[in-house]
Structure formats: C-alpha cells, structure tokens
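See structure below.
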Amino acid sequence: GPDLTARLPVVVAGDFNSLPGSGLHTLMTAGHLPATHPHLAMATAEERIRLPYPDPTHALPLRSTYATVLGSEPEFTNFTQHYDGDSFRGTLDYLFYTPAHLAPMLVLDTVDEATATVDTALPSRRFPSDHMPLYAEYAFRDTVMTSGPSSAAVAAVLAGGASGGARGGAGGGAGGGAGAEESGDPVA
Numbered sequence: 014g015p016d017l018t019a020r021l022p023v024v025v026a027g028d029f030n031s032l033p034g035s036g037l038h039t040l041m042t043a044g045h046l047p048a049t050h051p052h053l054a055m056a057t058a059e060e061r062i063r064l065p066y067p068d069p070t071h072a073l074p075l076r077s078t079y080a081t082v083l084g085s086e087p088e089f090t091n092f093t094q095h096y097d098g099d100s101f102r103g104t105l106d107y108l109f110y111t112p113a114h115l116a117p118m119l120v121l122d123t124v125d126e127a128t129a130t131v132d133t134a135l136p137s138r139r140f141p142s143d144h145m146p147l148y149a150e151y152a153f154r155d156t157v158m159t160s161g162p163s164s165a166a167v168a169a170v171l172a173g174g175a176s177g178g179a180r181g182g183a184g185g186g187a188g189g190g191a192g193a194e195e196s197g198d199p200v201a
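Going by this note's numbering, the first residue of the sequence shown is number 14, and it counts up by one from there.
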C-alpha cells in the first residue's frame with residue numbers, strides 16, 4: 014500500500030512506448046494526469062479507452078533518472094527505419110526512481126545519431142535491438158538506512174565518494190542494461 018511504498022526505494026524501468034510529455038510520461042513523473050491532458054481527452058473523446066475513473070493518479074513519487082542526471086530525457090532511445098521509408102526517432106524507454114530514497118549517481122551516455130545510423134537505423138550489427146540500452150547507478154539516501162553503512166558513508170556516496178548503491182537498467186534487448194564499454198560512457 015501507500016505506507017509501504019513511501020518507505021521503500023523503487024526503480025521502475027522499461028519500454029513505455031510513450032514520448033516525453035505524453036500522458037503516460039506525465040502520469041509517471043507527476044503522479045497525476047489532468048483531465049485536460051490531450052492524450053486523456055483524445056482517448057476518452059474517441060472512446061478508445063474507457064477509464065473507470067476520470068483522474069488517473071498514483072501515490073508513488075517518481076522522477077526520471079536520465080532527466081535528473083542529464084537535465085532532460087535522451088534525444089532518442091529508439092531509432093528505426095521501416096521498409097516503406099518511414100522512420101521513427103524518439104525516447105520510449107525510461108528509468109524512473111523514488112527521489113526520497115535514491116540518488117542517481119551516473120547514467121550510461123546515449124549514442125549520437127551518426128553512431129546509431131551507421132547501418133541505417135536500429136537494430137544494427139553493433140546494437141542488436143531497436144532500443145538503446147539504459148543503465149544507472151543509484152546511492153541510497155540515508156532516510157531509508159536502518160542498518161548497514163553509517164550516515165557518513167552514505168553521505169560520502171551521495172557526494173560522489175565511495176562507490177556503492179543500487180543499480181538499474183533497461184532496454185537494449187534481452188541482456189538489459191549494458192556496460193559502458195558496449196555503447197557509451199558513464200555520465201555523472
């Protein structure tokens with residue numbers, strides 16, 4: 014329930030098939046999707062989605078790891094070229110975390126368009142999925158520490174000292190998050 018989620022560090026990772034600013038992205042990061050959001054209004058107006066409640070909300074405070082570390086979502090996590098000539102380039106994959114309990118320390122840098130399009134698009138010989146791998150390392154904030162490292166050790170990790178903490182990754186095919194040597198450099 015809400016009491017338990019308020020006390021636990023959580024990372025939610027995956028391919029959400031939703032661009033930044035979309036209804037789902039807004040719901041995940043704001044905890045609420047206003048009835049005036051264009052995606053909710055469009056879905057209910059076209060009766061494509063019938064919601065049992067008019068105001069979608071959740072009680073899990075989440076932030077985007079990449080937006081926190083880099084200042085914005087990546088330019089793209091998916092870059093495809095279809096046989097009919099249509100292409101898609103956008104961010105569909107995310108790592109969300111609970112900021113009260115976790116501090117993102119670094120993320121795997123994404124590749125640039127020139128690298129992603131060496132073989133036209135994704136997937137390619139270098140990147141076996143049409144989604145780029147995401148990876149992050151988190152430090153636990155001492156608000157959740159009840160045993161283990163001292164508050165000073167946690168503070169050192171949060172300040173960029175000793176390594177340690179939780180890790181999370183998504184995308185890039187069956188293997189999940191990739192190491193820095195595979196697709197990019199860690200960004201702190």
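All C-beta atoms, glycine included, are put in the ideal place defined by N, C-alpha and C. These numbers were taken from a predicted model, which means no experiment stands behind them.
Residues in the same chain with beta-carbon distance under 7 Å from Ser31, minus the five sequence neighbours each way, listed in chain order, please.
Within the sequence shown, numbered from 1, the residue matching residue 31 stands at position 18. Taken in chain order, the residues that qualify are Leu37, His38, Leu105.
Give a yes or no on whether the C-beta atoms belonging to Thr130 and Met145 are separated by under 7 Å.
Here residue 130 refers to the residue found at position 117 when the sequence shown is read from its first residue. Here residue 145 refers to the residue found at position 132 when the sequence shown is read from its first residue. Contact flag unset, no.
Does the Cβ of Arg154 have 16 or more other Cβ atoms within 10 Å, making it buried, or fewer, making it exposed?
By 1-based counting over the sequence shown, the position of residue 154 is 141. Arg154 should be labelled buried.
Run through DSSP, which three-state label would Tyr148 get?
Along the sequence shown, one-based indexing puts residue 148 at 135. Residue state, collapsed to three classes: strand.
Could you pull out every residue in the same chain whose Cβ sits closer than 8 Å to the Cβ of Ala54, ignoring the five residues on either side in sequence?
Taking the sequence shown and counting its residues from 1, one reaches residue 54 at position 41. Once the five neighbours on either side are set aside, the close Cβ partners of Ala54 are Ala48.
According to DSSP, is Thr70 part of a helix, a strand, or is it coil?
Start at 1 with the first residue of the sequence shown, and residue 70 comes out as number 57. Three-state result, Thr70: strand.
Exposed or buried, Phe140, counting other C-beta atoms within 10 Å across all chains shown (16 or more means buried)?
Taking the first residue of the sequence shown as 1, we reach residue 140 at position 127. It is buried - the Cβ of Phe140 has at least 16 other Cβ atoms within 10 Å.
Are Pro117 and Tyr151 closer than 7 Å when you measure CB to CB?
Mapped onto the sequence shown, residue 117 falls at position 104. Mapped onto the sequence shown, residue 151 falls at position 138. Contact flag set, yes.
For Pro33, which of Arg20, His52, Val23, Val24 has the nearest alpha-carbon?
Here the question's residue 33 lines up with position 20 in the sequence shown. Nearest C-alpha to Pro33: His52.
To the nearest angstrom, how far is the alpha carbon of Asp143 from that of Glu88?
Residue numbering aside, residue 143 sits at position 130 when the sequence shown is read from its first letter. Residue numbering aside, residue 88 sits at position 75 when the sequence shown is read from its first letter. If I take the Cα positions, the gap works out to 14 Å.
Hey, out of Ala127, Tyr110, Gly44, whose CA is closest to Thr81's CA?
For the purposes of this step, residue 81 is taken as residue 68 along the sequence shown, with counting starting at 1. For the residues Ala127, Tyr110, Gly44, the minimum Cα distance to Thr81 belongs to Tyr110.
Name the two residues that bound the continuous beta strand (DSSP E) containing Tyr110.
Position 97 of the sequence shown, counted from the first residue, corresponds to residue 110. Note, Tyr110: beta strand (DSSP E), 106-110.
For Pro51, which of helix, strand or coil comes out of DSSP?
Here the question's residue 51 lines up with position 38 in the sequence shown. In this structure, Pro51 counts as helix in the three-state DSSP scheme.
Look up Leu119 in the DSSP assignment and say whether it is helix, strand or coil.
By one-based count along the sequence shown, residue 119 stands at place 106. DSSP places Leu119 in strand when its eight states are reduced to three.
Which whole-angstrom value describes the C-beta separation of Ala134 and Ser100, a residue pair presumed to lie in contact below a C-beta threshold of 8 Å?
On the sequence shown, position 121 is the one that residue 134 refers to. On the sequence shown, position 87 is the one that residue 100 refers to. So it is a contact: roughly 7 Å between Cβ atoms.
From Arg102 to Leu121, what does the alpha carbon distance come to, in whole angstroms?
Your numbering for residue 102 matches position 89 in the sequence shown. Your numbering for residue 121 matches position 108 in the sequence shown. Distance between the alpha carbons of Arg102 and Leu121 is about 19 Å.
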